[in-house]
Amino acid sequence: MQKNYVIQKIRSDYYEDLNRILVHICGQFQNLPNHCAKREGIGEYIVIYCISGSGYVMVQGKKQSIHSGDLIFLDRDTPHEYGSAQTDPWSIVWMHLAGELKTLYPIIEKHSDHGVIALGYHNRLYQLFLDLIKGAENPTTITEILKLNQSARLVLCEILTLLESEHDCAFTDQMKAYLCAHCTENPTLDELAHQFAVSKYHMIRKFKKATGYTPIEFLFRQKIELACHLLIDTNDTITSISRQLGYHTPYYFSEQFKAITGYAPSIFRKLVDKEYL
């Protein structure tokens, strides 16, 4: 068997970001109560991942507490101050990146509150940091230096992956809430894509990956769930219920109800009535 893969062309500036970025310094501090830094800004990106304990960071006059799972990601030349708590000193892994993240940093910044991202603890990210730190102990050959910078890029890629996953969860929750609130209506895929400012293709792919259903399939299931309640709790006719749920004909409603529940609406109502008698 022979397999050939064509890699989809992506924007060249992503490549430029990854090719330009270099790790300048990295390390690990464990339970360090006196660790602090105050700078007017340096020409490097600062990335700090808190593994345990607590500390603080101050950027643009805003002071924030840092706890396990928080990520500090500071832009170049940003005045800042950060430090470990005295009573519950933090354990952190960190790196400074030289170069320019022209395209990738704005993606990170969207998730950041004055340099802080509540990322949560992720063991894979922690292990990638440890691999980076181990590789930085004594790199002497060009191969070791290349591997070191590759390790830094893997850390960066894992952060971006986690942020994307977090964004997808929020997007799915928002869309589910919208579809539940508008289940008596019939929004089209184009209207939903416009509502959430996303392409129709990506909307369908992300939503189905998270829920197992396309947005329209999920909408129909919400309609049928509401229909079940109306059949049980009211004496409304099937024609009236189908109209309330936005169906054009009672026949289409009955057809879809049976496809999802296995019963025609009239049979469902009789079975429920019989159960409660």
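Residue numbers for the sequence shown follow numbering that gives the first Met the number 0, so the first one is 0 and each next one is one higher.
Backbone N, C-alpha and C define an ideal beta-carbon position, used for all residues, glycine too.
Thinking just about the alpha-carbon of each residue, which of the options is nearest to the one in residue i?
i      : options                           : result
ILE158 : TYR262, PRO214, GLN27 and GLY68   : GLY68
GLY60  : ILE237, LYS109 and GLY114         : GLY114
PRO105 : ASP167, PHE128 and TYR44          : TYR44
ILE116 : LYS37, GLU108 and LEU127          : GLU108
ASP232 : VAL271, LYS207 and LEU153         : VAL271
ILE20  : SER198, ILE144 and PHE170         : ILE144
PRO78  : SER64, ARG38 and VAL56            : ARG38
PRO138 : SER265, ILE24 and ASP16           : ILE24
TYR70  : GLN173, LEU100, TYR250 and LEU155 : In the sequence under discussion, the amino acid at residue 70 is Leu, which differs from the Tyr named in the question. Minimum Cα distance to LEU70 is reached at LEU155.
LEU244 : GLN173, ALA196, GLU184 and MET202 : GLU184
VAL46  : TYR250, PHE128, THR86 and ASN234  : PHE128
GLN85  : LEU31, SER265 and TYR120          : LEU31
ASP112 : TRP89, MET57, THR142 and ILE141   : MET57
GLY72  : PRO88, ASN33, SER90 and LEU118    : At residue 72 the sequence reads Phe, which differs from the Gly that was named. Per the Cα distances, LEU118.
ASP74  : GLU216, LYS175, ASN122 and LEU103 : LEU103
GLU216 : ASN234, SER241, PRO249 and ALA258 : ALA258
Under 8 Å Cβ to Cβ from residue i, same chain only, skipping five residues before and after it: list those, please.
i      : result
VAL22  : MET94, HIS95, LEU96, ALA97, LEU131, ALA135, LEU147, ASN148, SER150 and ALA151
LEU276 : Residue placement at LEU276 cannot be trusted, given a pLDDT of 43 that sits under 50; the coordinates are not used to answer.
ASP76  : GLY40, ILE41 and GLY42
PHE267 : CYS227, LEU230, PHE256 and THR260
TYR262 : PHE256 and LEU270
CYS168 : ALA209
HIS110 : ILE116, LEU162, GLU165 and HIS166
TYR125 : TYR48, ILE50 and VAL92
What are the boundary residues of the beta strand (DSSP E) that residue i is part of?
i     : result
ARG38 : 35–38
HIS95 : 90–97
Taking the alpha helix (DSSP H) that residue i falls in, what are its first and last residues?
i      : result
CYS227 : 214–232
ILE20  : Counting along the chain, ILE20 falls outside any alpha helix (DSSP H), and DSSP gives it neither H nor E.
GLN85  : No alpha helix (DSSP H) holds GLN85; DSSP gives it neither H nor E.
ALA258 : 249–260
THR238 : 237–243
Taking the DSSP output, what are the residues bridged to residue i?
i      : result
VAL115 : ILE71 and ASP112
ILE65  : GLY54
TYR120 : Partner(s): none; TYR120 has no beta bridge.
PHE28  : ILE91
GLU80  : LYS37 and MET57
TYR44  : LEU96
Does residue i get closer than 8 Å to chain C when you measure Cβ to Cβ?
i     : result
ASP69 : You won't find chain C in this structure, because it holds only one protein chain.
Grab me the residues of residue i's own chain with a C-beta within less than 7 Å of its C-beta, minus the 5 sequence neighbours each way, in chain order.
i      : result
LEU218 : LEU178 and CYS182
LYS207 : THR213
GLY26  : TRP93 and ILE132
LYS8   : The pLDDT assigned to LYS8 is 49, lower than 50, so where the model puts this residue is not dependable, and the model offers no usable value.
TYR200 : none
HIS66  : CYS49 and SER53
GLN221 : LEU178, CYS179 and CYS182
TYR4   : With a pLDDT of 47 at TYR4, under the threshold of 50, the modelled position of that residue is not reliable, and the figure given next carries that caveat. Here the set comprises nothing.
LEU121 : Here the sequence assigns His to residue 121, which means Leu is not the residue at that position. Cβ neighbours of HIS121 beyond the five flanking positions: LEU161.
LYS62  : TYR55
Beta-carbon within less than 6 Å of residue i's beta-carbon, same chain only, minus the 5 sequence neighbours each way: which residues are those?
i      : result
CYS35  : GLY82
GLU15  : none
LEU191 : PRO214
LEU188 : LYS199
Go through the region 150–219 residue by residue and report every complete run of the alpha helix (DSSP H) that reaches 4 residues or more, in order.
-> 188–194 and 199–210
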